[in-house]
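Q: Before I ask anything, let me first share the structure, which is written out below as structure tokens.
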Amino acid sequence: MLFCLCCNSELLLAGRYRTTTLLSDKGGFGNTYEVTHNGDAKVLKVLTNNQPKAVQLFEQEYRVLNQLNHPGIPRGEHYFTFFPRNSQTPLYCLVMEYIRGMDLEEYQKNRGMRPIEQKLALEWLLQLTQILDAVHSEEFFHRDIKPSNIILKPDGQLVLIDFGGARQVTATIMAGGLNTALYTPGYAPPEQEKGYAVPQSDFYALGRTMVYLLTGKQPTAPELYNPNTDEFLWRKEAPELSAQLGNFIDWLMARSASERPANTRVILQKLERLQRHLYPPKVRQPPQPHNTGVPSTISIIPPSGKGPSPSSPRKTRRGFLKVTAGLAGGGLVTAVVGRQL
Numbered sequence: 011m012l013f014c015l016c017c018n019s020e021l022l023l024a025g026r027y028r029t030t031t032l033l034s035d036k037g038g039f040g041n042t043y044e045v046t047h048n049g050d051a052k053v054l055k056v057l058t059n060n061q062p063k064a065v066q067l068f069e070q071e072y073r074v075l076n077q078l079n080h081p082g083i084p085r086g087e088h089y090f091t092f093f094p095r096n097s098q099t100p101l102y103c104l105v106m107e108y109i110r111g112m113d114l115e116e117y118q119k120n121r122g123m124r125p126i127e128q129k130l131a132l133e134w135l136l137q138l139t140q141i142l143d144a145v146h147s148e149e150f151f152h153r154d155i156k157p158s159n160i161i162l163k164p165d166g167q168l169v170l171i172d173f174g175g176a177r178q179v180t181a182t183i184m185a186g187g188l189n190t191a192l193y194t195p196g197y198a199p200p201e202q203e204k205g206y207a208v209p210q211s212d213f214y215a216l217g218r219t220m221v222y223l224l225t226g227k228q229p230t231a232p233e234l235y236n237p238n239t240d241e242f243l244w245r246k247e248a249p250e251l252s253a254q255l256g257n258f259i260d261w262l263m264a265r266s267a268s269e270r271p272a273n274t275r276v277i278l279q280k281l282e283r284l285q286r287h288l289y290p291p292k293v294r295q296p297p298q299p300h301n302t303g304v305p306s307t308i309s310i311i312p313p314s315g316k317g318p319s320p321s322s323p324r325k326t327r328r329g330f331l332k333v334t335a336g337l338a339g340g341g342l343v344t345a346v347v348g349r350q351l
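For the sequence shown, this note's numbering assigns the number 11 to the initial residue and increments by one for each residue that follows.
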């Protein structure tokens, strides 16, 4: 058994996971590590806040990830508690699929905060809505959609992470019951800031995420939001954006949840229509005939010499059809249809 030289704790957690790298120690609830198991890289999240509410949210994240099955959602693998050596305080651990890539906040910073193109915005909107469709279909909603919680993989697939704040849709929530006021300023809608998040709250955060990507500015930036007048004038920072897509994003960010799309299926249908309108599929042209160098019209001149003259056909007893074959010099076959005489 291997032990840490600093704290004398086991390096092989739960008898199978070997810690290799500290990925982040800036999380709100704990630290994130890269671990290996049978040669495969995994992500280990360790909760350092042992408050009952924090533990409840941490356990909930594992249940959500273990229940959902979508390429845009990391798979939950294992949940366990670990007691460091010479400590009576447990550490709560969650192992999940390792997602290679960078989050969209890091992606924008690497590009100098340049706005993304409209076509890419549409593609990402479609991907994220499909992920949300999988989440909402299982009666959950995320509650913390923002650029830093979306990973862009090398193959272009987006992955939504950090389901610690996800909530199950219950009768209490749908009736407007109070829930934990967990949110990120600038991305959370008014009802969520007051502790009344609903599934449509995810659509608002999705719209604000697209504003960040299309303008290169945080939604709380003074260029976009005036706190004195409560005006959110983001479209002037995206002058090349089409009016149709701008209106669609504004629909996602409607102040009242009842004025936003009812569900993910409505959004997907609207996105498909938008794509066809803004980027209609190219019509395939029929293939052109290959130029062989031979004229398309050939004039055939009957050879002189042997053979009957076309002007004086030979009469036959039946009279309907006469075929003359093997004309000299050309190898041509000519069919002459005559009238019965």
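Backbone N, C-alpha and C fix where the C-beta goes; we use that ideal spot for every residue, glycine too.
At a threshold of 7 angstroms, does Glu115 count as lining the ligand NAD (C-beta to nearest heavy atom)?
A: Because no ligand of any kind appears in the structure shown, any question about the ligand NAD cannot be addressed here.
Q: Run the CB neighbour count on Pro125, radius 10 Å, all protein chains shown included, and call it buried at 16 or more, exposed below.
A: Buried.
Q: Give me the Cα-Cα distance between Lys292 and Tyr102, rounded to the nearest whole angstrom.
A: Between Lys292 and Tyr102, the C-alpha separation is close to 54 angstroms.
Q: Does DSSP put Lys280 in a helix, a strand or coil?
A: The answer is helix: DSSP assigns Lys280 an H, G or I state.
Q: Would you decide whether Asn159 is buried or exposed? Buried here means 16 or more other CB atoms lie within 10 Å of its CB.
A: Buried.
Q: Any contact between the segment 252-266 and the segment 88-108? By contact I mean 3 or more CB pairs, one from each, below 8 angstroms.
A: Contact between the segment 252-266 and the segment 88-108 is absent, because fewer than three Cβ pairs lie under 8 angstroms.
Q: What three-state label does DSSP hand Ile160 in the structure shown?
A: If DSSP states are grouped into helix, strand and coil, Ile160 belongs with the strands.
Q: Alpha carbon to alpha carbon, how far is Asn257 from Arg270?
A: Computed Cα separation, rounded: 12 angstroms.
Q: Could you check whether the segment 144-156 touches the segment 57-67, counting it as contact only if at least three pairs of C-beta atoms, one from each stretch, sit closer than 8 angstroms?
A: No: the two stretches stay apart, fewer than three of their Cβ pairs being nearer than 8 angstroms.
Q: Starting from Met106, trace the beta strand (DSSP E) in both directions and tell me its first and last residue.
A: Counting along the chain, the beta strand (DSSP E) containing Met106 begins and ends at 101-107.
Q: Under 8 angstroms by Cβ, that's how I've got Ile83 and Leu170 pegged, so tell me the actual separation to the nearest angstrom.
A: With a Cβ gap of about 6 angstroms, Ile83 and Leu170 count as contacting.
Q: Secondary structure at Val221, three-state DSSP: helix, strand or coil?
A: Three-state result, Val221: helix.
Q: Got a sec, what are the start and stop residues for the beta strand (DSSP E) Tyr43 sits in?
A: Start and end: 40-47.
Q: Which of the three DSSP states is assigned to Glu201 in this structure?
A: Looking at Glu201 - three-state DSSP - the assignment turns out to be helix.
Q: By the 10 Å Cβ neighbour count, where 16 or more other Cβ atoms means buried, how is Lys129 classified, buried or exposed?
A: Lys129 comes out exposed.
Q: Express the C-alpha separation of Ile259 and Ala253 in angstroms, rounding to a whole number.
A: Those two C-alpha atoms are separated by around 10 angstroms.
Q: Val74 lies in the beta strand (DSSP E); which residues open and close that run?
A: Segment 62-77 is the alpha helix (DSSP H) holding Val74; no beta strand (DSSP E) there.
Q: Can you pull the DSSP bridge partners for Val145?
A: Paired residues: none, contrary to the question.
Q: Decide yes or no for the touch test of the segment 218-233 against the segment 112-123: beta carbon pairs closer than 8 angstroms, at least 3 of them.
A: Verdict: yes, contact present.
Q: Given Thr274, which residues of its chain have a CB within under 6 angstroms of its CB, disregarding the five upstream and five downstream residues?
A: Taken in chain order, the residues that qualify are Thr139, Leu142, Asp143, His146.
Q: State the Cα-Cα distance for the pair Met184 and Glu282, rounded to the nearest angstrom.
A: Residue confidence for Met184 is low, a pLDDT of 49 falling below 50, so the modelled location carries little weight and cannot support an answer.
Q: Who does Leu135 pair with in a DSSP beta bridge?
A: Leu135 is not bridged to any residue.
Q: Does Tyr214 pass the burial test, meaning 16 or more other C-beta atoms within 10 Å, or should it be called exposed?
A: Classification of Tyr214: buried, given that the 10 Å Cβ count is 16 or more.
Q: Report the three-state DSSP secondary structure of Tyr27 (helix, strand or coil).
A: Looking at Tyr27 - three-state DSSP - the assignment turns out to be strand.
Q: Starting from Ser34, follow its DSSP beta bridges and name the residues at the other end.
A: Paired residue(s): Thr42.
Q: For Phe173, which three-state DSSP category applies?
A: Residue state, collapsed to three classes: coil.
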